[in-house]
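Protein chains in written order, with this note's numbering: chain X, 324 to 588; chain E, 324 to 588.
For each residue, glycine too, the CB sits at the ideal point set by N, CA and C.
Data first, discussion second: the structure below is written as structure tokens.
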């Protein structure tokens, strides 16, 4: 056995990182930090390929990346690899949840069938304490029914140019939104957490944050659900709502067709 | 109107504090930090009386405290008071969830009818990232059914000396445990969070953390539920399990008889 491809499932708090890739000079990226841990452990340089690049401040509870490792004649299990990488990452807010050997034709990005993002919004007057940097804090009470109605308007196959960052590099603005649920988690001493759960094969840059920012306008009564439809049809970023902050966004899970990721060791 | 008693409902992350009261020289306590915010806002010294003192590293999502404020001829609402205090606490991990004017005979500690504590345990191999300092991380898989059976043995009126810190100052070791539920929150990419929810009128020092530490021995198969009963009957701290770390513990809610806390303004 020479070259082995590994699939890593990764959790991180994005707050102190320059995104998955290096976006800010002098601030380490999540990718750099994990690649360094691999190099420190295996004494070889490697390149991580990720399922979904996340921006600075965005978190992940189920990011996926793959890389190739030449471990010579020795054998290593996924358990040993994840344990070793976590030891090297112990001062980082990055944790390897799982390391799985996969076949050489597996690709973390190209083979992903869809991705689940969660957006956490703390809806109460008082500021967050232990959830600081982990939620978007919105003080005013929001109309949940109106927001849910607005969310319905975004489901399906559309030109999402209205919800696309100016710097987005995707070739096409067409995307298919399979899910945009809004759940409530009541808090014991007043207020509530609002969770947006969205699934799609892929997203445009800032699409989730722009959709959330727009739906909050609906929750505040500044927009109607019909305004969401009009904005979508305009195919114009200037007609959309503001971009929600990165703090509340989590790449929660990346899904693959079973046969591609099945364990081969 | 001269002197007004106020009931504060408070959230905090205990990680960087020396407990509710000052326990460690040079590290501020939660109490000091809030008293300073009140002084900075009102230009008068005051003394906070708390429902339940928490140790260093222990958090609260619903701590309650009261204090008296002489605001002269001016009037202030609970909304204005909590907003002002939160502004003064903006660099702290402390948040005033609610400020409510109460009658002069209300006492945060003596009138509390029962308290709900939550203990969060992250049960997976990989270390926590954004939950660092907010959960107890236990790597090995735990037997939930055995833990639930063990928890049942602790319900009711008992001498809890086995689960009492050596330095506990309570006059009697007798306490009545009304609830000790164990809930599971599955995590999307493997592992789970185990939540202990316990209610009682009052607790001995370290009682919740000592009960959780003991039940984890049961979950690991080192103890049986019968061993929990034997330990309880021994009325001897040396017969109990280890003290779980403070990181996972939250004072979630303090309950009062309605007539005592009803708003009077």
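* Would you say residue 334 (chain X) reaches chain E, if we count a Cβ-Cβ gap shorter than 8 Å as a contact? -> Residue contact check for residue 334 (chain X) against chain E: a CB pair falls below 8 Å.
* **chain E within 8 Å of residue 405 (chain X), Cβ atoms only** => It does; some Cβ of chain E falls within 8 Å.
* Asked: Do the segment 344-355 of chain E and the segment 375-385 of chain E meet, that is, are 3 or more Cβ pairs less than 8 Å apart?
  -> Counting Cβ pairs under 8 Å, three or more are found: they touch.
* Residue ranges of each alpha helix (DSSP H) run of no fewer than 4 residues wholly in the segment 518-581 of chain E, ordered along the chain? -> Runs found: 530-542 and 548-557.
* Asked: Name the DSSP beta bridge partners of residue 391 (chain E), please?
  -> In the DSSP output, where bridge partners are listed per residue, residue 391 (chain E) has E:328.
* Taking DSSP as the reference, what is the three-state secondary structure of residue 367 (chain X)? -> Coil, per DSSP.
* What residues in its chain sit with their C-beta under 8 Å from that of residue 491 (chain X), if we drop five residues either side in the sequence? -> Spatial neighbours of residue 491 (chain X) in its own chain (CB-CB distance under 8 Å, excluding positions within 5 residues in sequence) are listed in chain order as 527, 528 and 529.
* Any Cβ of chain E within less than 8 Å of the Cβ of residue 389 (chain X)? -> No - not a single Cβ of chain E is within 8 Å of the one on residue 389 (chain X).
* To do: Determine the burial state of residue 470 (chain X): buried for a count of at least 16 other Cβ atoms within 10 Å of its Cβ, exposed for fewer.
  => By the beta-carbon neighbour count (other beta carbons within 10 angstroms, threshold 16), residue 470 (chain X) is buried.
* For residue 373 (chain E), the three-state DSSP class (helix, strand or coil) -> DSSP places residue 373 (chain E) in strand when its eight states are reduced to three.
* Taking residue 401 (chain E) as part of the alpha helix (DSSP H), name the residues at either end of that continuous run. => Taken as a continuous stretch (DSSP letters only), the alpha helix (DSSP H) holding residue 401 (chain E) covers 401-411.
* Would you check if the segment 417-425 of chain E and the segment 443-461 of chain X touch, i.e. whether three or more CB-CB distances between them fall below 8 Å? => Yes: the two stretches touch, three or more of their Cβ pairs being nearer than 8 Å.
* To do: Verify whether the separation of the beta carbon atoms of residue 535 (chain E) and residue 567 (chain E) is less than 8 Å.
  => Their beta carbons are under 8 Å apart, which means residue 535 (chain E) touches residue 567 (chain E) by this criterion.
* To do: Drop a sphere of 10 angstroms on the beta-carbon of residue 517 (chain X), count the other beta-carbons inside from all chains shown, and report buried for 16 or more, exposed for fewer.
  => Counting Cβ neighbours within 10 Å, residue 517 (chain X) comes out buried, since at least 16 surround it.
* For the segment 402-427 of chain E, which residues have a CB atom closer than 9 Å to at least one CB atom of chain X, in sequence order? -> Within the segment 402-427 of chain E, the residues whose Cβ lies closer than 9 Å to some Cβ of chain X are 402, 405, 406, 409, 412, 413, 415, 416, 417, 418, 419, 420 and 421, listed in chain order.
* Residues sharing a beta bridge with residue 497 (chain E), DSSP -> For residue 497 (chain E), DSSP records a beta bridge to E:482.
* Would you be able to state if there are at least three C-beta pairs under 8 Å between the segment 571-582 of chain X and the segment 355-369 of chain E? => These segments do not touch.
* Between residue 576 (chain E) and chain X, is there a C-beta pair that is closer than 8 Å? -> For residue 576 (chain E), the nearest CB of chain X lies under 8 Å from its own CB, placing it at the interface with that chain.
* Asked: In terms of alpha-carbon separation, which member of E:523, E:515 and E:560 lies closest to residue 537 (chain E)?
  -> Measuring from the Cα of residue 537 (chain E), the nearest candidate turns out to be E:560.
* Would you mind working out which of E:555, E:325 and E:550 sits nearest residue 426 (chain E), comparing C-alpha positions? => For the residues E:555, E:325 and E:550, the minimum Cα distance to residue 426 (chain E) belongs to E:325.
* Asked: Hey, residue 500 (chain X) and residue 477 (chain X): beta-carbon distance below 8 Å or not?
  -> For residue 500 (chain X) and residue 477 (chain X), yes; Cβs fall inside 8 Å.
* Could you check if residue 438 (chain E) is buried or exposed, using at least 16 other CB atoms within 10 Å of its CB as the buried criterion? => Its Cβ being crowded by 16 or more others within 10 Å, residue 438 (chain E) is buried.
* Asked: Which class does residue 452 (chain X) belong to by DSSP, given the choice of helix, strand or coil?
  -> Looking at residue 452 (chain X) - three-state DSSP - the assignment turns out to be coil, as it is neither helix nor strand.
* To do: Kindly indicate if chain X contains any beta-carbon less than 8 Å away from that of residue 554 (chain E).
  => So no, residue 554 (chain E) is outside the interface.
* **Below-8 Å beta-carbon distance, residue 582 (chain E) vs any chain X residue** => Note that residue 582 (chain E) scores 49 on pLDDT, short of 50, meaning its location in the model is unreliable; the coordinates nonetheless yield the value given after this. No, no contact with chain X.
* To do: Would you identify the three-state DSSP class for residue 299 (chain E), choosing helix, strand or coil?
  => The structure shown has nothing for residue 299 (chain E), since chain E only spans 324 to 588.
* Between residue 354 (chain X) and residue 331 (chain X), is the Cβ-Cβ spacing less than 8 Å? -> Contact: no.
* Asked: So with Cβ pairs under 8 Å, would you call residue 460 (chain E) a contact of chain X?
  -> Closer than 8 Å: no.
* Asked: Assuming residue 407 (chain X) and residue 334 (chain X) make a contact with CB atoms under 8 Å, what is their CB distance in whole Å?
  -> Incorrect: roughly 17 Å between the Cβ atoms, too far for contact.
* Asked: Excluding sequence positions up to five away, which residues of its chain have a Cβ less than 6 Å from the Cβ of residue 386 (chain X)?
  -> Result list for residue 386 (chain X): 333 and 574, in chain order.
* Asked: So the alpha helix (DSSP H) residue 471 (chain X) belongs to, where does it begin and stop?
  -> Note, residue 471 (chain X): alpha helix (DSSP H), 467-475.
* **residue 412 (chain E): CB within 7 Å of a non-hydrogen atom of the ligand COA** => This structure simply doesn't include the ligand COA, nor any ligand for that matter.
* To do: Below 8 Å on the Cβ atoms is my guess for residue 432 (chain X) versus residue 374 (chain X); work out the distance and round it to an integer in Å.
  => Contact holds; Cβ gap of about 5 Å.
* Could you give the distance in angstroms between the alpha-carbon of residue 328 (chain E) and the alpha-carbon of residue 520 (chain E)? -> About 31 Å.
* To do: Please name the residue, chosen from E:557, E:435, E:522 and E:524, that lies closest to residue 483 (chain E) on a Cα-to-Cα basis.
  => Minimum Cα distance to residue 483 (chain E) is reached at E:557.
* To do: Assign residue 385 (chain E) to one of three DSSP states: helix, strand, or coil.
  => DSSP places residue 385 (chain E) within a strand segment (E or B) once states are collapsed to three.
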